[in-house]
Amino acid sequence: MLKSDKILLRPLQLSDLDFLFEIENNKENWKYGTENKQYTKEELTNYIANAKQDITNAGQFRFVIDFENTPIGFIDLFDYTTNSAGVGVIIAKNYRRRGFAKEALHLLSIYSFETLNLKKLDCNIEKDNLRSIKLFSSSGFELEREKKELQYFVKLAK
Numbered sequence: 462m463l464k465s466d467k468i469l470l471r472p473l474q475l476s477d478l479d480f481l482f483e484i485e486n487n488k489e490n491w492k493y494g495t496e497n498k499q500y501t502k503e504e505l506t507n508y509i510a511n512a513k514q515d516i517t518n519a520g521q522f523r524f525v526i527d528f529e530n531t532p533i534g535f536i537d538l539f540d541y542t543t544n545s546a547g548v549g550v551i552i553a554k555n556y557r558r559r560g561f562a563k564e565a566l567h568l569l570s571i572y573s574f575e576t577l578n579l580k581k582l583d584c585n586i587e588k589d590n591l592r593s594i595k596l597f598s599s600s601g602f603e604l605e606r607e608k609k610e611l612q613y614f615v616k617l618a619k
C-alpha cells in the first residue's frame, strides 16, 4: 500500500467489484481507453482474483485510489519491463478536479522509481484530452513526441 495524507493506493479487493463494474462499463470513460467493451461481473471477479500477481510476472498492476475508505479511482502500471512501464489513471466523475489523480500519480512515481527501480514512466494521451495533458505535464512528465491523434509523454527517474 502507498499512502499520503490525502489518499491510499491499494491492491484490488473483491469488495471493489461494484465500483470496478461501474467504471469499466461506463461508456463515457471509453473515449480515452483502450478496452472499450462491456464486462460481466463474473469477468471482473476473475480479473480481481488474478490481479494479485506480482507486476514482474503479470506485466501490469492496478491500484485502487482510496479516499476516506472509499474507492474513487484506479491508477495502473502496464507494459512493464525492467526499465519502464506505462501509466493510466481514472477518477470517478464526482471526485474529479480535486487533486486526487495528481496525488496518485505522485505516489505511483515514487514507487515506480524507488521500489521497482524503473528508469521511465510513459503515457499516450489523445490530443483533445486537455485535462490529462495538464495533469501529466504538471506531474513532471514531458512531451517526447506526437503522432496523428496522440501525444506521448515520459517521466524519467532522477
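Numbering (my numbering), first residue to last: 462 to 619. The beta carbon of each residue, even a glycine, is placed where N, CA and C say it ideally should be. Just so we're clear, the structure is a prediction, and the values are computed from it rather than from any experiment.
Taking the C-beta atoms as reference points, A512 is found no nearer than 9 Å to I536. The C-alpha of S600 lies about 33 Å from the C-alpha of E504. If you look at K595, you'll find it in the alpha helix (DSSP H) that goes L591 to S599. Residue environment analysis places Q612 among the buried positions, since at least 16 neighbouring C-beta atoms fall within 10 angstroms of its C-beta. Going by C-alpha positions, R523 is about 17 Å away from F574. Beta bridge pairing from DSSP links D537 with R523 and G549.
Closest by C-alpha distance to Y572, out of F482, E483, I516 and K498, is I516. Inter-residue distance for F480 and P532 is about 7 Å (C-alpha atoms, whole angstroms). The shortest CA-to-CA distance from T543 to any of K563, R558 and T576 is the one to T576. Straight across, the Cα-Cα distance linking L604 with Y541 is about 20 Å.
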